[in-house]
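Sequences listed follow chains A and B, in order. Residues are numbered in this note's numbering as their position in the first sequence, beginning at 1, plus a constant of 124. Residues are numbered in this note's numbering as their position in the second sequence, beginning at 1, plus a constant of 124. Cβ atoms here follow ideal geometry from the backbone N, Cα and C, with glycine treated the same way. Every value quoted in this text rests on a predicted model; they were computed, and no experiment measured them. Scroll down for the structure; my scribbles are underneath it.
Protein chains: 2
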Amino acid sequence: MSNPTAAMLVIGDEILSGRTRDSNMHYLAGELTKIGIDLKEVRFVADDHVTIINSVRSLSAKYDQVFTSGGIGPTHDDITAEAVAAAFETPIDIRADARVILQAHYDRQGVELNDARLRMARIPTGAHLIDNPISAAPGFSLQNVHVMAGVPAIFKAMIASVLPSLKGGAPLLSQTLRLECGEGDVAESLSKIASLFADISMGSYPFQKDGNYGTNIVLRGTDELRISQAKQQLSKLLDL
Amino acid sequence: MSNPTAAMLVIGDEILSGRTRDSNMHYLAGELTKIGIDLKEVRFVADDHVTIINSVRSLSAKYDQVFTSGGIGPTHDDITAEAVAAAFETPIDIRADARVILQAHYDRQGVELNDARLRMARIPTGAHLIDNPISAAPGFSLQNVHVMAGVPAIFKAMIASVLPSLKGGAPLLSQTLRLECGEGDVAESLSKIASLFADISMGSYPFQKDGNYGTNIVLRGTDELRISQAKQQLSKLLDL
Numbered sequence: 125m126s127n128p129t130a131a132m133l134v135i136g137d138e139i140l141s142g143r144t145r146d147s148n149m150h151y152l153a154g155e156l157t158k159i160g161i162d163l164k165e166v167r168f169v170a171d172d173h174v175t176i177i178n179s180v181r182s183l184s185a186k187y188d189q190v191f192t193s194g195g196i197g198p199t200h201d202d203i204t205a206e207a208v209a210a211a212f213e214t215p216i217d218i219r220a221d222a223r224v225i226l227q228a229h230y231d232r233q234g235v236e237l238n239d240a241r242l243r244m245a246r247i248p249t250g251a252h253l254i255d256n257p258i259s260a261a262p263g264f265s266l267q268n269v270h271v272m273a274g275v276p277a278i279f280k281a282m283i284a285s286v287l288p289s290l291k292g293g294a295p296l297l298s299q300t301l302r303l304e305c306g307e308g309d310v311a312e313s314l315s316k317i318a319s320l321f322a323d324i325s326m327g328s329y330p331f332q333k334d335g336n337y338g339t340n341i342v343l344r345g346t347d348e349l350r351i352s353q354a355k356q357q358l359s360k361l362l363d364l
Numbered sequence: 125m126s127n128p129t130a131a132m133l134v135i136g137d138e139i140l141s142g143r144t145r146d147s148n149m150h151y152l153a154g155e156l157t158k159i160g161i162d163l164k165e166v167r168f169v170a171d172d173h174v175t176i177i178n179s180v181r182s183l184s185a186k187y188d189q190v191f192t193s194g195g196i197g198p199t200h201d202d203i204t205a206e207a208v209a210a211a212f213e214t215p216i217d218i219r220a221d222a223r224v225i226l227q228a229h230y231d232r233q234g235v236e237l238n239d240a241r242l243r244m245a246r247i248p249t250g251a252h253l254i255d256n257p258i259s260a261a262p263g264f265s266l267q268n269v270h271v272m273a274g275v276p277a278i279f280k281a282m283i284a285s286v287l288p289s290l291k292g293g294a295p296l297l298s299q300t301l302r303l304e305c306g307e308g309d310v311a312e313s314l315s316k317i318a319s320l321f322a323d324i325s326m327g328s329y330p331f332q333k334d335g336n337y338g339t340n341i342v343l344r345g346t347d348e349l350r351i352s353q354a355k356q357q358l359s360k361l362l363d364l
């Protein structure tokens with residue numbers, strides 16, 4: 125049986141303009157690989173209502189789980205929650221449970237829960253809250269879409285809240301064969317072994333070190349024994 | 125007049141599995157911003173023929189320029205060139221001009237131009253070659269799609285070959301206002317100024333330093349004077 129699939133939607137002008145470098149994709153990719161959910165696609169889009177709606181609809185229909193990052197803060201450019209609600213034609217308003225969480229957090233800090241902060245309690249009807257142990261303002265899961273903050277520390281904490289509730293599959297395992305030659309020298313052998321092991325994906329990644337060409341062959345699959353067999357047969361074919 | 129738009133398509137299982145961290149997106153974003161081409165969307169997809177075809181078609185129809193990264197080497201998992209040709213229903217085969225470039229390169233190195241390496245001379249009919257000063261194997265531009273290598277040093281070199289030939293727009297300029305308070309304290313003022321300056325995009329990025337909350341307000345636009353005016357009015361409204 126094949127693993128569940130996932131997509132990620134990263135929302136924010138600041139990444140597309142080159143001002144900030146995203147780190148959430150790499151983190152999520154690693155966490156999903158560990159629990160056997162296959163990340164199949166990641167999209168980065170701007171803070172644009174219609175674009176977010178279309179992306180959410182398209183990814184939600186195509187993959188088992190969708191994770192969004194960014195755009196759920198208190199400012200005017202935080203439009204993710206509204207757009208996700210609109211994507212599912214679900215009403216969105218300030219919800220009592222989210223308000224209670226924010227009120228308690230700001231009371232502790234002696235800070236006013238003003239209108240801007242209260243926007244972070246806007247949650248679509250029927251969504252489940254995602255716990256935010258860092259700055260309180262919750263994310264939410266609506267159908268198969270999990271809406272999370274873009275700030276890396278908060279994104280990580282929210283991922284930790286969400287993942288245990290999802291059905292995983294067989295963790296993706298990998299082994300690497302490091303070769304001191306160019307890709308062009310191993311391509312034919314690699315292709316032969318790849319066709320013999322349809323259940324093992326084989327990637328070839330060239331590198332240069334001290335002026336010499338090298339290639340890392342990464343063998344990935346869910347069965348450790350099959351990966352080892354493929355690696356062994358490839359080594360033999362390459363006379364290693 | 126608004127700036128030309130662009131999208132990027134990053135192809136490769138190794139990024140989606142969390143094994144490698146992409147750096148080409150951040151680089152391209154910065155370069156496009158400098159020459160006034162607005163990067164609107166970036167997609168990361170797996171080494172899958174149909175997925176690449178569909179993504180190329182969708183992005184090529186929607187944006188002025190599309191840049192792809194990855195999957196043009198000599199191994200069996202390098203399927204980008206075939207998929208891009210298929211997306212435009214264009215024949216692809218070993219092309220004499222690309223073959224000459226590869227032959228000269230491998231002759232200089234005293235390395236055989238074997239069948240695997242020759243695959244890198246497969247170029248769609250009608251495409252323009254993109255110069256690769258690092259490892260010779262060229263990229264290509266077919267219609268509005270620019271197909272480049274994933275290895276960062278080669279990607280950068282190819283971008284340098286392609287960008288001068290593209291029509292740019294007004295470079296995107298930005299100014300940052302650093303505030304020692306949380307987003308929730310500035311959201312209302314920010315929203316007011318944002319509605320007065322429709323031509324300036326204003327992003328709000330929270331940070332934490334030494335236990336204190338802060339917010340960077342980034343004002344972006346193509347007119348330096350308007351950005352300064354918006355920044356000034358926001359500062360005044362915030363009593364800075």
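Helix, strand or coil for residue i? Go by DSSP, reduced to three states.
i        : result
B:Ile135 : strand
A:Pro128 : coil
B:Leu242 : helix
A:Ser233 : First, the amino acid is wrong: residue 233 of chain A is Gln here, not Ser. It is helical.
A:Phe264 : strand
A:Leu297 : strand
B:Glu155 : helix
B:Ser193 : strand
B:Asp217 : strand
Please classify residue i as buried or exposed, where buried requires at least 16 other C-beta atoms within 10 Å of its C-beta.
i        : result
B:Leu320 : exposed
A:Pro295 : exposed
B:Asp347 : exposed
B:Gly250 : exposed
A:Arg167 : buried
B:Ala228 : exposed
A:Gln189 : buried
B:Leu349 : exposed
B:Arg344 : buried
B:Ala185 : exposed
A:Leu364 : exposed
A:His200 : buried
B:Val342 : buried
B:His365 : Residue 365 of chain B cannot be examined here, being either before or after the span of chain B that is shown, 125 to 364.
A:Lys248 : Reading the sequence as shown, one finds Pro at residue 248 of chain A and not Lys. With 16 or more other Cβ atoms within 10 Å, it is buried.
A:Phe331 : exposed
B:Arg143 : buried
B:Asn256 : buried
A:Asp137 : buried
So, is the C-beta of residue i closer than 9 Å to a C-beta in chain C?
i        : result
A:Arg223 : In the structure shown, chain C does not exist; the protein chains are A and B.
Starting from residue i, trace the beta strand (DSSP E) both ways and give me its first and last residue.
i        : result
A:Leu271 : Note on identity: in this sequence residue 271 of chain A is Val, with Leu being the wrong assignment. Start and end: Val269 to Met272.
B:His200 : Segment: none, B:His200 is in no beta strand (DSSP E) and carries neither H nor E.
A:Asp162 : Asp162 to Val169
A:Ile258 : Premise fails: A:Ile258 is in no beta strand (DSSP E) and is neither H nor E.
A:Leu253 : His252 to Ile254
For the alpha helix (DSSP H) that contains residue i, what are its first and last residues?
i        : result
A:Phe279 : Pro276 to Val286
A:Ile177 : His173 to Lys186
Residues in the region 163 to 174 of chain A having any Cβ partner in chain B nearer than 8 Å:
Leu163, Lys164, Glu165, Val166, Arg167, Phe168, Val169, Ala170 and Asp171
Unbroken beta strand (DSSP E) runs of length 3 or more, entirely within the region 302 to 364 of chain B: which are they?
325 to 333 and 336 to 345
Which residues, taken in chain order from the region 134 to 146 of chain A, show a beta carbon closer than 9 Å to some beta carbon of chain B?
Val134, Gly136, Asp137, Glu138, Ile139, Leu140, Ser141, Gly142, Arg143, Thr144, Arg145 and Asp146
Can you give me, in chain order, the residues of the region 191 to 207 of chain A that have a beta carbon less than 9 Å from any beta carbon in chain B?
Gly197, Pro198, Thr199, His200, Asp201 and Asp202
Taking a Cβ distance cut-off of 7 Å, strictly less, list which residues of the region 307 to 324 of chain A are near chain B, in chain order.
Glu307, Gly308, Ala311, Glu312, Leu314, Ser315 and Ala318
To be precise: take each residue of the region 288 to 308 of chain A, compare its Cβ to all Cβ atoms of chain B, and keep it if any distance is under 8 Å. Which residues remain?
Leu296, Ser298, Gly306, Glu307 and Gly308
Under 7 Å (Cβ pairs) to chain A, residues found in the region 328 to 362 of chain B
Ser328, Tyr329, Pro330, Val342 and Arg344
Short of 7 Å Cβ to Cβ, which residues in the region 240 to 269 of chain B face chain A?
Ala240 and Arg241
Using a Cβ-Cβ cut-off of less than 7 Å, give me the residues of the region 268 to 287 of chain B that come near chain A, in sequence order.
Val275
Against chain A: residues of the region 212 to 238 of chain B by CB proximity under 7 Å
Asn238
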